[in-house]
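Engineer: Numbering (my numbering), first residue to last: -3 to 148.
Where a beta carbon is used, it is the ideal one built from N, C-alpha and C, also for glycine.
#1: Exposed or buried, which one is residue 147 when buried takes at least 16 other CB atoms within 10 Å?
#2: By how many angstroms is the C-alpha of residue 58 removed from the C-alpha of residue 17?
#3: For the stretch 99 to 110 against the stretch 24 to 40, do three or more pairs of beta-carbon atoms, one drawn from each stretch, fall closer than 8 Å, so that the two count as touching?
#4: Below 7 Å CB to CB, which residues in the same chain sit around residue 91 once its five sequence neighbours on both sides are set aside?
#5: Taking C-beta to C-beta, are residue 29 and residue 80 nearer than 8 Å?
#6: Quick one: measure Cβ to Cβ for residue 66 and residue 131, integer angstroms, because I've assumed they're closer than 8 Å.
#7: What residue does the alpha helix (DSSP H) around residue 74 start on, and which one ends it?
#8: What residue from 76, 34, 88 and 25 has the CA that sits closest to residue 52's CA?
#9: In chain order, what residues of the same chain lie with their CB nearer than 7 Å to the CB of residue 72, ignoring the 5 residues before and after it?
#10: Please report the straight-line C-alpha distance between residue 77 and residue 44, rounded to a whole angstrom.
#11: For residue 9, does the count of other Cβ atoms within 10 angstroms reach 16, so buried, or fall short, so exposed?
#12: Rounded to a whole number of angstroms, what is the C-alpha to C-alpha distance between residue 60 and residue 93?
Put into structure tokens, the structure is as follows:
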């Protein structure tokens, strides 16, 4: 019986640590899309929005760990984009409810989805973030998307 009690305590403690690690806001990222759009107009800079399920979506968790939380990614991407994370965690119903209108408005069908908007708030591309699971590949794709946008 003692072993079960210890196991239960360990499991609950580990779950609390994992959920708190994933609910933490990413450094260099905004969580307010309207403020980001206002900043984009002011700075004449496009906006990168990542739609994620940070505590339940395995590809989202991998992208956060391997790309979005990396200093080299944030430093490089934030020179060209305003970065926004819209999270839909199962562990935070209030945050999920707050972001739900954006998922509906932009017709998000899966996670992790990235949408790139120009400085006026017009979408110019979208893709699955997990198609580019490494910092260099993701940054290269962003550069290609910006080059293509400028040709249109």
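Structural biologist: To lay it out plainly:
#1: Taking the first residue of the chain shown as 1, we reach residue 147 at position 151. Its Cβ having fewer than 16 others within 10 Å, residue 147 is exposed.
#2: Numbered from 1 along the chain shown, position 21 holds the residue referred to as residue 17. Numbered from 1 along the chain shown, position 62 holds the residue referred to as residue 58. Low local confidence applies: a pLDDT of 41 at residue 17 is under 50, so the model's placement there is unreliable, with the coordinate-based value given in what follows. In a straight line, the C-alpha of residue 17 is about 13 Å away from that of residue 58.
#3: no
#4: Along the chain shown, read from residue 1 onward, the residue named residue 91 stands at position 95. 83 and 85, listed in sequence order.
#5: The residue labelled residue 29 in the question sits at position 33 within the chain shown. The residue labelled residue 80 in the question sits at position 84 within the chain shown. Yes; because the gap between Cβ atoms is below 8 Å, this pair is in contact.
#6: Here residue 66 refers to the residue found at position 70 when the chain shown is read from its first residue. Here residue 131 refers to the residue found at position 135 when the chain shown is read from its first residue. That belief holds up - the Cβ atoms of residue 66 and residue 131 are roughly 5 Å apart, short of 8 Å.
#7: Taking the first residue of the chain shown as 1, we reach residue 74 at position 78. Looking at the DSSP string, the run of the alpha helix (DSSP H) that includes residue 74 is 67 to 76.
#8: The residue you call residue 52 lines up with position 56 of the chain shown. The shortest Cα separation from residue 52 among 76, 34, 88 and 25 belongs to 88.
#9: Residue numbering aside, residue 72 sits at position 76 when the chain shown is read from its first letter. The residues are 135.
#10: Here residue 77 corresponds to residue number 81 of the chain shown, with the count starting at 1. Here residue 44 corresponds to residue number 48 of the chain shown, with the count starting at 1. When rounded, the distance between both Cα atoms is 6 Å.
#11: The residue you call residue 9 lines up with position 13 of the chain shown. Residue placement at residue 9 is flagged as unreliable, the pLDDT there being 38, under the threshold of 50; the coordinate-derived value follows with that caveat. Residue 9 comes out exposed.
#12: Here the question's residue 60 lines up with position 64 in the chain shown. Here the question's residue 93 lines up with position 97 in the chain shown. The straight-line gap from Cα to Cα measures roughly 21 Å.
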